[in-house]
Every structure is written in structure tokens, then in C-alpha cells.
Amino acid sequence: MSIDEIDLNAYVDGELSHDQEAEVLEAMRDNPELAQQICQLGQLKAQMRIAYANPPQPDRGSMRRVGRSWRAVAAGGAMLSVGLLAGWIMNGNQPGTAEHNRFVVLDPEGRGQAPAVAADDETRILFHLTNADPMVAGELLDEVETMLQAYEADGRPLRVEVVSHSDGLELLRQSLTVHESRIQELAGDYDNLTFVACKNTINRLRVDHGIEVQLVPDAEVTDSGVSHVVRRQQQGWSYIRV
Amino acid sequence: MRLRRLLTYFAGLVGLMASTGAAQAAPEDPLQRVVYHIDAADPERQRAALRIVRNHLNDVGDEHLDIRVVIQGNGVSMLVLPDSDGAAADALPGHADDRVQVGIEDLKIRGVTFHVCRNSLTRRNVDALNRLYDVGPDDLVDSGLAEIVRLQGDGYTYIKP
Amino acid sequence: MSDTNPPLLAAFGRKRKLHKEISGERDRLYRIAWSWCHDSFTADDLVQETLARALTKIDSLRDENRLQVWLTQIMANLYRDQFRRITPDTGLETELLAGGDDPEQAANRSQLVARTRHAIARLGEDQRQVLTLVDVAGFSYADTASILDVPVGTIMSRLSRARKRMREMLEQQGIGRADVVPLRRPQ
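Right, here's the structure in full:
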């Protein structure tokens, strides 16, 4: 056979039959240039394997992409608010900070905070309800009740706040909630459980929609649901968004 | 694709913050502990949550992360097999299609632990072993929310995607 | 949990096993995907999409021994249909290579890697795919032909042209006849 480039490539790739391989070897003996070509092809092949043995993984290079288009920058900005909240959450979660062993009693008027000292082993949980679905709220109340019961049965101290914010305010609106009697029962049975409504949300409903919100009697009010949530986390409360 | 990229920014941000947080908590401990909470009914949000976890792993590296995913409330539909039969099939459509299954499988191989809320399943009359994708008795916790509280107490950072 | 249906569990087990095997192919697929697009995000997307696609059409896998070819075929189709046009640029992502003990050797090596990738990035899409499938993934000509759905003869001529072009580019960059960075000879 006359040996061309394609044959040489096939030789290097191990795609030739034994007879064909023998022919190439034979030709190589008399033709140093052929031998060098084969050697180069072999090197290129090895080089390829090495070049892609460890490709970069998607990594923090993600940040570099933000600069790629203005649309991306804007989108990144939209995400930033979520990220900031996450950041607060994380900062609030560091165990061992000075405030971790203390909690602050919620001022029902939402003005200032009345500090108090809590038992060191008290578990404090804030549920941040932003979902209007009564099923979701009902399930949350079930879970809260189960927790309150379990802690009480074991004699472990527990404080729970349910902060209703944005669409979640529906749980505490007298005209809309389907859980009013349930809330009343729970609040009556457990003085370590507090329902908190966000005043910003109430104001927004008045200004934007002309709705005068009536809260269920057991609801307390805080100026801003978000700052309340952040404050609580800084104080070391467990945080769960529902 | 756009959503995917957005999620990447988000995960990058979260990863960065989580790493900062972890550093404050225990300077000598390079492991980030994070608990993800999935309770959304919307399949799109459920899939997005899996992507966010995946991006977080890509960002920080599998070996630096201890990720727990707590699936609770309406989020359990993510694990319900779409073609499974049962009396509750109409009431609770399953979202564990092949795409979700490969997403979960992938995360499990990379060391992510899933905790599924038994209370949420019971409320919805879901038989965990027969109707859920790859959930065994060890994967169940009595209360998903209580598990999140417990994990936060152990120093896990909470993220609700 | 005692009332579990055994046949259901068995079927479930088979599917789970295949899922595991498919997921186990991730690294290999990623390496190929990255060699095609030189972008970790695109590559990651492409692999994820491939795995998802594979699971949805798992029944079309006739021969489990051909899993790798089958998966790569799915990925090549996806790449052709959806991913090619979004490949952002041929600007290569740089990376820090894990340095060996000898810094000079490590530097040479990383330079070699960078130059090779740079040359690959300048190949045409068709040539790049053939070359990476044969050299990086180690597929035979026949498998490469079935992955890309072209005749074996086309694979052979593309490959030959691709390597010729690579040699030209690498020689221009100074990795040529005279000063080839020493590599172990292929056996």
C-alpha cells in the first residue's frame, strides 16, 4: 500500500489491521521522515490527553460573568437583595456571639426593644410567614403546636414567634384568616408563642389598595417585618421561612 | 439558560457569604455546613432549588461542604413519582420526573444528605417507600421544621432558595 | 414499611442502578464537553442536560455496554442543536494547574496545556469534535462516526486535517519539531 497521512493517523490511533501495521513499520524503517511524522502524531495525541485531563470546573469565575453584559448586571442586582438577606441570616446564625445567650422581648407597639435575659438553653425559633396559602399556614400551626407540646413535655424552654409579612399577613387578618380560633387557642395555651404582624405591610395595603386591615386580637405588631426578622437572627434565633 | 445563569450568580453570592460565615464560626474548620429548605409546591422552584444546591457545590467544592436538604410541606411533591398510583395521586401530582431524579441522584453522589418530613407525608397520605423517589426509612425525619431548627443549632447556615 | 411491593422495588432497583451508572459518566462527559466549548458553565449545562435527556430515553439504550457511546451521541446532538451558538467565545478559561514538585516542569506543562487548548479553540467545530472524541475520549473511529452520525471515511479525513492544522499552529507557537516539550512516548 502507498502510505498517506490518513494511514499514519490510523496507525497512531491503533485503527489499522495487523498486516497494515506491519506495512507501516516496514516503510518507517526506510524512511526517517515518516518515522518522525508518526512520532509527532503520537506526541500530539498525548498532548491532547494532557490538555483536557483536568478541565476547569465551574467555579467562582461566576462572578467574572457579571461584567459580561449589562442585563446580567441588572439581574445580579435583583438577586442581591436575596443574597443580602441570606447574609444577614448567616451572620445571625453564628453561635457563641454575645447576644446569643440573650433575647429581647418584643415590644408590642413595635417601638424599641425591652431587653431581657433568657435561660441559656432556651430554643428560640422565628417562623417568617410570607405565603398566603391557608393550607401552608395551617400546616405551620400544626408543626408549631407539635413543637410547643414536645418541648413542654420534656421541660425544655422554647420561644416561638410567627412573623406574618407581605402575603403572609393574611393569617392574621380577621376578615381573611381561616385560622382565627386556632390562633386564639394556641396563643391562650402557650404564652411562649407570639404572633407578629408587619406594620409596613399593613400601611402598604392602606395606601396602595385602600384596605383598612383588622388584625385578629392575638396579633402583635412590629414596624417592619424584615428588620424584625433580621434583628431576631442577630440575636441568635433559629430562622425558618415559610 | 438565563435562569441557569441567574442561579449561578445567586449561588456564588450565597457561597461567598456562607464561607464568610463559616470562617467566623470556626476559623480552623474549612467545612461549610448548610441546610437548604424546600417547601415550594411549584415544580419549577423545586428544580431551581436543586440547581442552586448544585451550583453551590460547584462553587465551593464538594469536599468543603456538608449540605443537608430538608424537604417539607408542599415541597414533598418533588419526591413523588409522577407515574405512581395510589389514592392520593390526583390530590398530589408527583414532580419526581427524570430530570428531578437525575438532579437528586447527582447531589447524593456528591455527598448531599436529604431529610424528608414524615409529618408532611402523613398529612398528604403519601406512602414514603412506594410513592417517593429513593426515600428509605433513614431519610425520614419526624418533623422537617424541627430538623431545620436542630441543624441551625448545630451551626448549619439556613438557606431557603 | 413492611407492606412494600417486591416487584415494584425490583423495578425501582434496576432503574436506580442505571441512573447510578449514567451519573457516574459525568466526569468523562464533562471533559469532552469542555474540550468542545472551553467554557465551564456551558459544559456543565451541556452535561446536565445530557444526563437528564439520557434518563428520559433510557429505554432506547439497547446495549448497556455501549452506554458511553450512547451518552456521547446524545451530548453531540444536544451540542449541535442547542449549544453551539451560545458558546460565548474562544477565549480560553485559564486555570491553575496543580503544580508538581518541580516548578519549572509545572510551568512548562501548564504552558503546553494552554497552547494546546488555544490551538484547539482555533480549529473548526467539526475538526475539533473529531479530534477530541478520538484523542481525549479515546473513542474508535467507528464509535466516533456513530456519535457524530457521519461516515468513517469522513472521520478519517477530518482527523487527518485537524492534526495537520494543529501541528502547524503549535509549530508557529514554538512547540514544533525542534523544541517539543518532552512527553512520554505513547506505547
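Chains as they are written, first to last, in the numbering used here: chain Z, 1006 to 1247; chain G, 135 to 295; chain F, 190 to 376. Where a beta carbon is used, it is the ideal one built from N, C-alpha and C, also for glycine.
Cut-off 6 Å between Cβ atoms - residues of its own chain near F:Ser224, not counting five sequence neighbours on either side: Thr321 and Val325
Z:Val1221 versus Z:Thr1199: straight-line alpha-carbon distance, rounded: 12 Å
Burial state of F:Pro340 (16 or more Cβ within 10 Å): exposed
Contact under 9 Å by Cβ, G:Tyr170 with G:Val203: yes
Host beta strand (DSSP E) of Z:Leu1134 (start-end): Thr1128 to Leu1134
Beta-bridge pairing of Z:Glu1225 - partner residues as DSSP gives them: Z:Val1201
The segment 232–244 of chain F in contact with the segment 298–309 of chain F per 3-pair CB rule at 8 Å: no
Cα-Cα separation between F:Gly288 and Z:His1023, rounded to whole angstroms: Confidence is the limiting factor: at F:Gly288 the pLDDT is only 40, short of 50, which leaves the residue's position unreliable, though a coordinate-based value still follows. Between F:Gly288 and Z:His1023, the C-alpha separation is close to 40 Å.
is_contact[G:Glu197, chain F] using C-beta, thresh 9 Å: no
Between the CA atoms of F:Arg350 and F:Gly313 - distance to the nearest angstrom: 10 Å
Collapsed DSSP secondary structure at G:Met135 in the structure displayed: Confidence is the limiting factor: at G:Met135 the pLDDT is only 41, short of 50, which leaves the residue's position unreliable and the question unanswerable from this model.
The segment 1179–1190 of chain Z contacting the segment 1133–1153 of chain Z, beta-carbon criterion three pairs below 8 Å: yes
Proximal residues, the segment 331–360 of chain F versus chain Z, C-beta separation under 8 Å: Met345, Ser346, Leu348, Ser349, Arg352, Lys353, Met355, Arg356 and Leu359
Span separating the alpha-carbon of Z:Gln1045 from that of G:Glu197: 40 Å
Closer than 9 Å to chain G by CB, F:Leu372: The pLDDT assigned to F:Leu372 is 37, lower than 50, so where the model puts this residue is not dependable; a value taken from the coordinates is nonetheless given after this. Judged by the 9 Å Cβ criterion, F:Leu372 is not in contact with chain G.
Bridge partner(s) assigned by DSSP for Z:Ser1169: Z:Leu1134 and Z:Ala1202
Any C-beta of chain Z under 9 Å from that of F:Ile309: yes
Validate contact between the segment 230–241 of chain G and the segment 173–185 of chain G using beta carbons, cut 8 Å, 3 pairs: yes
Terminal residues of the beta strand (DSSP E) in which G:Asn248 lies: Rather than Asn, the amino acid found at residue 248 of chain G in this sequence is Phe. First-last of the beta strand (DSSP E) with G:Phe248: Thr247 to Cys251.
Interfacial residues, the segment 1042–1055 of chain Z to chain F, with Cβ spacing under 8 Å: Cys1044, Gln1045, Leu1046, Gly1047, Gln1048, Leu1049, Lys1050, Ala1051, Gln1052, Met1053, Arg1054 and Ile1055
Cα-Cα separation, Z:Val1235 to Z:Met1152: 23 Å
8 Å contact criterion, which G:Leu199 and G:Val168 should meet: CB distance rounded: 7 Å
Three-state secondary structure assigned by DSSP to F:Val319: helix
Span of the beta strand (DSSP E), counted from its first residue to its last, around G:Leu199: Leu199 to Ile205
Stretch-stretch touch, CB-based, cutoff 8 Å, three pairs: the segment 219–234 of chain F with the segment 1045–1063 of chain Z: yes
is_contact[Z:Ala1158, chain F] using C-beta, thresh 9 Å: no
Simplified DSSP state of G:Val234, which is helix, strand or coil: helix
Under the three-state DSSP convention, the category Z:Leu1189 falls into: Reading off the sequence, residue 1189 of chain Z comes out as Gln, not Leu. The answer is helix: DSSP assigns Z:Gln1189 an H, G or I state.
Exposed unless 16 or more other CB atoms sit within 10 angstroms - verdict on G:Ala280: buried
Contact set for Z:Ala1207: own chain, Cβ-Cβ below 6 Å, skip 5 residues either direction: First, the amino acid is wrong: residue 1207 of chain Z is Ile here, not Ala. The answer, listed in chain order, is Val1218.
For Z:Ser1229 and Z:Gly1193, the rounded distance between their alpha carbons: 25 Å
Own chain residues within Cβ distance below 7 Å of G:Val246, not counting five before or after: Val187, Ile201 and Val203
Cβ pair count under 8 Å reaching 3, the segment 1156–1165 of chain Z against the segment 274–290 of chain G: no
Per-residue burial, F:Gly213 [other beta carbons within 10 Å of its own, 16 or more giving buried]: exposed
Chain Z contact residues for G:Ile243, given Cβ-Cβ distances below 8 Å: Result: empty, since nearest Cβ-Cβ is about 15 Å, beyond 8 Å.
Buried versus exposed, by CB contacts within 10 Å (16 or more), F:Asn297: exposed
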